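*Asks:*
Protein chains in written order, with my numbering: chain A, 1 to 111; chain B, 1001 to 1114.
1. So, helix, strand or coil for residue 1077 of chain B, using DSSP?
2. Is there a Cβ from chain B that is less than 8 Å from the Cβ of residue 52 of chain A?
3. Is it the case that the CB of residue 50 of chain A approaches a heavy atom of the ligand GDP more closely than 7 Å?
4. Who pairs with residue 1110 of chain B in a beta bridge, going by DSSP?
5. If contact is defined by three or more beta carbon pairs under 8 Å, each pair taking one atom from either stretch, is the stretch 1094–1101 of chain B in contact with the stretch 1012–1028 of chain B?
6. For residue 1093 of chain B, which residues in chain A fall below 8 Å Cβ to Cβ?
7. Beta-carbon separation of residue 1005 of chain B and residue 1106 of chain B under 8 Å?
8. May I have the straight-line CA-CA distance separating residue 1035 of chain B from residue 1003 of chain B, to the nearest angstrom?
9. For residue 1034 of chain B, would you say it is in contact with chain A, using Cβ-to-Cβ distances shorter than 8 Å as the test?
10. Using the three-state DSSP reduction, which class does residue 1018 of chain B fall into: helix, strand or coil?
11. Residues of the stretch 1022–1053 of chain B in Cβ contact with chain A at a cutoff of 7 Å, in chain order, please.
12. Does the distance from the CB of residue 1113 of chain B to the CB of residue 1084 of chain B come in under 8 Å?
13. Going along the chain, which residues of the stretch 26–39 of chain A sit with their C-beta nearer than 9 Å to a C-beta in chain B?
14. Buried or exposed for residue 10 of chain A, please, with buried defined as at least 16 other CB atoms from any protein chain shown within 10 angstroms of its CB.
15. Pairs of beta-carbons, one from the stretch 28–39 of chain A and one from the stretch 86–102 of chain A, closer than 8 Å: are there three or more?
16. Going by beta-carbon coordinates alone, are residue 1071 of chain B and residue 1059 of chain B separated by less than 8 Å?
17. Check whether chain A comes within 8 Å of residue 1104 of chain B, counting only Cβ atoms and requiring the distance to be less than that.
Spelled out as structure tokens, the structure:
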């Protein structure tokens, strides 16, 4: 099935550093969602974006819906060890439609 | 709010047997639920869309006779893997939408077929 282009694939950073990851698509989406998944668990919704150009924060996390509706980025500021996990972007076309996922960004944080 | 549960959280079965996985929305009603499959170190791939009171919609390449989906109520969808084989071993995750444009996931079910 279709997947989004998510980068980077993995990141190894020092605690306290900022992190940035992004997703791009060849087609437009009405909604962009960012999830975090830890081993053996389901994805947990972090941020949902509904409008082109929208910039939304959730604590140390900030995400933006690209103006072209074909991309989105997620920033994590001042990373901490518990930020470790795999971050997935997901695009949705309809309001109740299925999600198209990126391949994930694996984040490792060194204390 | 917006809690989705799955049962069981893990299951080990012999090849050829059938396994049923339940997905429940605990604090909201969901006319639509989604079933995803995730292989190790890979992303989630949609298998099917479960619709309350009607037939599920399957993604291309997913055998509807092998992966039976029943959405009998507004809070419960079940996925039955029939005649399971080792290649069906995977992490199965369901999701539901308590409101438009937001999708919440269950904790997943790890299936291992021996």
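Where a beta carbon is used, it is the ideal one built from N, C-alpha and C, also for glycine. Here the structure is a predicted model, which means the values were calculated and not measured.
*Replies:* For this structure:
1. strand
2. no
3. This structure lacks the ligand GDP, and indeed carries no ligand of any kind.
4. B/1010 and B/1091
5. yes
6. 42 and 43
7. yes
8. 16 Å
9. yes
10. coil
11. 1032, 1034, 1043, 1044, 1045, 1046 and 1049
12. yes
13. 30, 31, 33, 35 and 37
14. exposed
15. yes
16. no
17. yes
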